[in-house]
Amino acid sequence: MGHIERSSSIFRAELLQSALRGAVAKLTPRTQARNPVMFVVYIGAWLTTVLGAAELIDADGGRAGFTCSVALWLWLTVGFAAFAEALAEGRGKAQAAALRKIRQDVPARRLEGTRRGAPCEQISAAALTKGDHVLVEAGEVIPCDGEIVEGLASVDESAITGESAPVLREAGGDRSSATGGTRVLSDWIVVRKSTDPGESFLDHMIAMVEGAKRRKTPNEIALDILLASLSLVFLLVCATLLPLSAFAAESSGRGAAVPVVVLVALLVCLIPTTIGALLSAIRVAGLDRLVQANVIASSGRAVEAAGDVDVLLLDKTGTITLGARQATALFPSPGGTEVELADAAQLASLADETPEGRSIVVLAKRYGLRERDLAGKAARFLPFSALTRMSGVDLDTRRIRKGAADAVLAFVRASGGSASPETAARVDEIARRGSTPLLVADGPRLLGVIELKDIVKGGLRERFHDFRRMGIRTVMITGDNPVTAAAIAAEAGVDDFRAEATPETKLALIRKLQADGHMVAMTGDGTNDAPALAQADVAVAMNTGTQAAKEAGNMVDLDSNPTKLIEVVAIGKQLLMTRGALTTFSIANDVAKYFAILPAAFVTLHPGFRDLDPMRLATPESAILSALIFNALVIPALVPLALRGVSYRPASAERLLGRHLLLYGLVGIVLPFAGIKLLDLTLSALRLA
Numbered sequence: 031m032g033h034i035e036r037s038s039s040i041f042r043a044e045l046l047q048s049a050l051r052g053a054v055a056k057l058t059p060r061t062q063a064r065n066p067v068m069f070v071v072y073i074g075a076w077l078t079t080v081l082g083a084a085e086l087i088d089a090d091g092g093r094a095g096f097t098c099s100v101a102l103w104l105w106l107t108v109g110f111a112a113f114a115e116a117l118a119e120g121r122g123k124a125q126a127a128a129l130r131k132i133r134q135d136v137p138a139r140r141l142e143g144t145r146r147g148a149p150c151e152q153i154s155a156a157a158l159t160k161g162d163h164v165l166v167e168a169g170e171v172i173p174c175d176g177e178i179v180e181g182l183a184s185v186d187e188s189a190i191t192g193e194s195a196p197v198l199r200e201a202g203g204d205r206s207s208a209t210g211g212t213r214v215l216s217d218w219i220v221v222r223k224s225t226d227p228g229e230s231f232l233d234h235m236i237a238m239v240e241g242a243k244r245r246k247t248p249n250e251i252a253l254d255i256l257l258a259s260l261s262l263v264f265l266l267v268c269a270t271l272l273p274l275s276a277f278a279a280e281s282s283g284r285g286a287a288v289p290v291v292v293l294v295a296l297l298v299c300l301i302p303t304t305i306g307a308l309l310s311a312i313r314v315a316g317l318d319r320l321v322q323a324n325v326i327a328s329s330g331r332a333v334e335a336a337g338d339v340d341v342l343l344l345d346k347t348g349t350i351t352l353g354a355r356q357a358t359a360l361f362p363s364p365g366g367t368e369v370e371l372a373d374a375a376q377l378a379s380l381a382d383e384t385p386e387g388r389s390i391v392v393l394a395k396r397y398g399l400r401e402r403d404l405a406g407k408a409a410r411f412l413p414f415s416a417l418t419r420m421s422g423v424d425l426d427t428r429r430i431r432k433g434a435a436d437a438v439l440a441f442v443r444a445s446g447g448s449a450s451p452e453t454a455a456r457v458d459e460i461a462r463r464g465s466t467p468l469l470v471a472d473g474p475r476l477l478g479v480i481e482l483k484d485i486v487k488g489g490l491r492e493r494f495h496d497f498r499r500m501g502i503r504t505v506m507i508t509g510d511n512p513v514t515a516a517a518i519a520a521e522a523g524v525d526d527f528r529a530e531a532t533p534e535t536k537l538a539l540i541r542k543l544q545a546d547g548h549m550v551a552m553t554g555d556g557t558n559d560a561p562a563l564a565q566a567d568v569a570v571a572m573n574t575g576t577q578a579a580k581e582a583g584n585m586v587d588l589d590s591n592p593t594k595l596i597e598v599v600a601i602g603k604q605l606l607m608t609r610g611a612l613t614t615f616s617i618a619n620d621v622a623k624y625f626a627i628l629p630a631a632f633v634t635l636h637p638g639f640r641d642l643d644p645m646r647l648a649t650p651e652s653a654i655l656s657a658l659i660f661n662a663l664v665i666p667a668l669v670p671l672a673l674r675g676v677s678y679r680p681a682s683a684e685r686l687l688g689r690h691l692l693l694y695g696l697v698g699i700v701l702p703f704a705g706i707k708l709l710d711l712t713l714s715a716l717r718l719a
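Taking the working numbering as reference, the numbering of the sequence shown is continuous, increasing by one, and the terminal residue is 719.
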């Protein structure tokens, strides 16, 4: 899809090279200090490096090899954490580089007035200021973001959305937004620049995918505080062990105080280094997955909020339904036939360019009515008009009309005819089930009824069922009457609906839901949606929508697909699940490291500590190195999971929590025991410890 990097490969050569360079750049005190857990490891790496160097210089430094090995694996632990974050950020930088190719300094024709005929001067797009009006004609690139104030044009937005089909942009309405970097294919438009320098849509996109505006969410901040607190507690514990062990050795007369290098290794294995190393990568990757879906979020808060959403507000037209009513059935009047009705309905719809009119032509083809030859016949077509609410054709002596029931009935009565009770009953029946009845007449004779129906998009009922399993309630909001709204809601399978909705009622509904403690998500594209979008916790604005809608929302869907809200919620859920799963794994896998290092550290003070080693590791040095090596290697092993996210299946939050505690908690406990034992056997066989 267009500009967005879509490759599923995480370890591509160019990304790896960029990530390696980025990891080296992150090995500075200022950068490391942003992550409390890894900063502890970073300080420990420097401390053991200094101790190792001192022991190498000392002629009697018998433990220099062990100390240097500990230092090496601590540096690798820090490096793997930096690599994971740099790899996640590298994916965003690759996307940003592609976006920069779109942004170019194009010429702009600035108007002295606000209309096309006003005098203009050609300047650089960079010289435009907010409020300037520019004229853009066929073949030219739109030089700035703004609102179309005059004209209508076909615009190629493939550079932004990745879709090859051009879109119509026109002044007024919900499709008046123009994006800099897109190209006008036909006609012309006058655009009023609506952004300050450096604040264009492309600038925001580039900043987002590069991470410049990625702020930590409240949950992330809380987790950071928890990890920092754990690190501080274990730091104090390990700091007190040095004098305590020295006192114990002096009192008992055997053994020696626990070496500083062993205490550093113990501290690194006690603190949750795995989640500390991967937390930043998880955050960056969550936003990256949103970009992969062609959605740009204003901040990480919006993505995380999507994961907590429990109420979805969905517009009917274009979201739940296809957006245009379709002809689905023909009901002839008594004495008539479906073929006769189809023939007249198609003739009367040939000049009707509305989606409804085209659908009637398509429906009539089922009756073999194709390639009609009207040459030589005195045919006078009457296009559909909002005034008459009818379309038709005068063909020889026939006057065929198709349209709204009351309009066609008035035409029939004016021609000397009337409607049968059966036809009137059919009109009422179609209206009661939420469809729209259209009548077809040939002069005074009423031929029958066409049923127009909002077509619900395929697969939505199943997706709404998945939402219920996740504990999310779906509410359809529409301006339709309650009868039509109820019929569509029942067919689509939503949990609730609101009919005859206005901007004020949408806003009031969101405020009420939030007051009741719900997290509310909504999608919209019009200026009238802006108040509700601004109020919603997660607000996805369509890229084809108005500037007001895009500014009010905290996400913009480049594909302008109203059902993307469903995917956004799934991505938010996956982000929260991934962080929770890896936090569970990180805390659980520390258990095995406790049983490896604690006995090794204190066995010289009391032989009974060996009984606390269920793995029966070969030597204290081998136990400590095995735990450190496993602690380091598990980080790159989990990078693919952190970047791709935990596999997501719709379920309730309670069920997901229980499954993750069981799966990742159990694996987090069992895997390190096996891994550390295998590393111990390897080190012993190679006589490295």
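Cβ atoms here follow ideal geometry from the backbone N, Cα and C, with glycine treated the same way.
Among the options, which one has its Cα closest to the Cα of residue i?
i: Arg146; options: Trp218, Ala94, Asp620; result: Trp218
i: Thr712; options: Arg674, Ala653, Pro666; result: Ala653
i: Gln604; options: Leu686, Arg646, Pro385, Tyr694; result: Leu686
i: Gly82; options: Gly95, Arg503, Cys174; result: Gly95
i: Thr351; options: Ala522, Met552, Ile706, Leu50; result: Ala522
i: Ala662; options: Gly446, Gly210, Val298, Ser259; result: Val298
i: Ser99; options: Asp88, Ala111, Phe110, Ala75; result: Ala75
i: Gly143; options: Arg456, Val220, Ala566; result: Val220
i: Gly202; options: Ile507, Gly675, Arg222, Pro451; result: Arg222
i: Phe625; options: Gly675, Val164, Ala704; result: Ala704
i: Ile507; options: Asp559, Val470, Pro173; result: Asp559
i: Trp105; options: Pro137, Phe69, Leu117; result: Phe69
Does residue i have its Cβ less than 8 Å from a Cβ in chain C?
i: Ala449; result: Of the protein chains in this structure there is only one, and it is not chain C.
When the Cα atoms are used, what is the spatial distance from residue i to residue j?
i: Leu477; j: Val486; result: 28 Å
i: Leu77; j: Asp338; result: 42 Å
i: Pro59; j: Glu115; result: 16 Å
i: Asp526; j: Val570; result: 20 Å
i: Glu35; j: Glu383; result: Legend: pLDDT at Glu35 = 42, less than 50; position of this residue unreliable, value from coordinates given subsequently. Spanning the two alpha carbons is a distance of roughly 39 Å.
i: Ile665; j: Lys542; result: 45 Å
i: Val325; j: Ala437; result: 45 Å
i: Glu119; j: Leu673; result: 10 Å
i: Leu380; j: Lys395; result: 12 Å
i: Phe632; j: Arg646; result: 15 Å
i: Leu539; j: Lys346; result: 16 Å
i: Ser445; j: Ala578; result: 50 Å
i: Ser206; j: Glu530; result: 25 Å
i: Ala372; j: Leu360; result: 7 Å
i: Met420; j: Leu399; result: 21 Å
i: Ala327; j: Asp88; result: 57 Å
Go ahead and label residue i buried or exposed: buried means 16 or more other beta carbons lie within 10 angstroms of its beta carbon, across all protein chains shown.
i: Thr427; result: exposed
i: Gln62; result: buried
i: Val263; result: exposed
i: Lys432; result: buried
i: Met286; result: The sequence given here has Ala at residue 286, not Met. Looking at its Cβ environment, which holds fewer than 16 other Cβ atoms inside 10 Å, Ala286 is exposed.
i: His495; result: exposed
i: His690; result: buried
i: Ile251; result: exposed
i: Ser677; result: exposed
i: Thr209; result: buried
i: Asn511; result: exposed
i: Asp484; result: buried
i: Pro702; result: buried
i: Arg679; result: exposed
i: Ala157; result: exposed
Spatial neighbours of residue i within its chain, please: CB distance less than 7 Å, with the 5 preceding and 5 following residues excluded, ordered by chain position.
i: Thr466; result: Arg355, Leu482
i: Ala332; result: Val568, Asn584, Met585
i: Val166; result: Ile172, Val214, Trp218, Ile219, Val221
Give me the DSSP bridge partner(s) of residue i.
i: Ala359; result: Glu481
i: His163; result: Leu141, Arg222
i: Met585; result: Ala327, Val570
Ordered along the chain, which non-local residues of its own chain (more than five positions away) have a Cβ less than 6 Å from that of residue i?
i: Pro362; result: Glu368, Leu371, Gly478
i: Ile430; result: Ala374, Leu377, Ala378, Gly422, Val423, Asp472
i: Ala435; result: Val457, Pro467, Leu469
i: Phe411; result: Ala381, Val423
i: Thr535; result: none
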